[in-house]
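> Sending over a structure as structure tokens; questions will come in a sec.
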Amino acid sequence: MTHYTCAIIWRFLPKDQELEFLVIDYRSIDPSTGQKTERQVKFPGGTNTDYLDEKVEQTLFREVFEETGLVVQEWKEIWKQEVNPDHTKYGFLVNIDNCQGGLRSHSISDNGDEIGPPYWFSAKTLGRVLFYSHQPAYLAACRALGVL
Numbered sequence: 013m014t015h016y017t018c019a020i021i022w023r024f025l026p027k028d029q030e031l032e033f034l035v036i037d038y039r040s041i042d043p044s045t046g047q048k049t050e051r052q053v054k055f056p057g058g059t060n061t062d063y064l065d066e067k068v069e070q071t072l073f074r075e076v077f078e079e080t081g082l083v084v085q086e087w088k089e090i091w092k093q094e095v096n097p098d099h100t101k102y103g104f105l106v107n108i109d110n111c112q113g114g115l116r117s118h119s120i121s122d123n124g125d126e127i128g129p130p131y132w133f134s135a136k137t138l139g140r141v142l143f144y145s146h147q148p149a150y151l152a153a154c155r156a157l158g159v160l
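Numbering (the numbering used here), first residue to last: 13 to 160.
Listed below in structure tokens is the structure:
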């Protein structure tokens, strides 16, 4: 059985009364053309397809560290979708204060895919640019944080 996890890492800026989410720019290789896709704004995350014995939380920790440089200390599951009996998607809400480490400042390559450095994006407007498959987790996070 495989799973996908994404981390909706958030912070609140009291001075600006602004809620922000940590995102990455992602470009993958389109298998049908062999060309790189357009930039996709996504939450940090990924699957356990190369680590089938990996538990959901372990995938969360590994993917967040690989894509952001952060170590998650506390998290809350806020979204779950069974795609089919063999694959489930999960969204986890993580306050930046519950992370250790520093944000990665350079792009990385993952099997030809390009992952830009993580950056903060306003929760108010993120829904307009966020990759479509991350929208349900985004909406669940906004609900959980009381902004919807």
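C-beta: ideal position from N, C-alpha, C; glycine also. No experiment lies behind these values; they were computed from the predicted model shown.
Residues in its own chain within less than 7 Å of Ala135 by CB, not counting five upstream and five downstream?
Closer than 7 Å at Cβ, skipping near neighbours: Leu31, Glu32, Phe33, Cys154 and Val159.
> How is Ser145 classed by DSSP in three states: helix, strand or coil?
Ser145 falls in the helix class under three-state DSSP.
> Run the CB neighbour count on Glu57, radius 10 Å, all protein chains shown included, and call it buried at 16 or more, exposed below.
Residue identity differs from the one stated: residue 57 is Gly in this sequence, not Glu. Classification of Gly57: buried, given that the 10 Å Cβ count is 16 or more.
> Closest to Arg144 by CA distance: which of Thr61, Phe73 and Phe55 is it?
The sequence shown places Tyr at residue 144, rather than the Arg named in the question. Answer by Cα proximity: Phe55.
> Assign Thr100 to one of three DSSP states: helix, strand, or coil.
Strand at Thr100.
> Please specify which runs of the beta strand (DSSP E), each continuous and at least 3 residues long, are wholly inside the segment 17-53, giving them in chain order.
Complete beta strand (DSSP E) runs here, min 3: 30-39.
> Can you round the beta-carbon distance between Ile20 and Leu105 to whole angstroms, since I take them to be within the 8 Å contact cut?
The Cβ separation is near 5 Å, so the contact holds.
> Pick from Thr80, Met13, Asn123 and Lys88: whose alpha carbon is nearest that of Glu69?
Closest option to Glu69, Cα to Cα, is Lys88.
> What residues in its chain sit with their C-beta under 8 Å from that of Trp22, if we drop five residues either side in the sequence?
Excluding positions up to five away in sequence, the list reads Leu31, Glu32, Phe33, Leu34, Leu105, Val106, Asn107, Ile108, Ala135, Ala153 and Leu157.
> Ends of the alpha helix (DSSP H) at Glu75?
It spans Val68 to Thr80 - the alpha helix (DSSP H) in which Glu75 sits, taken as one unbroken run.
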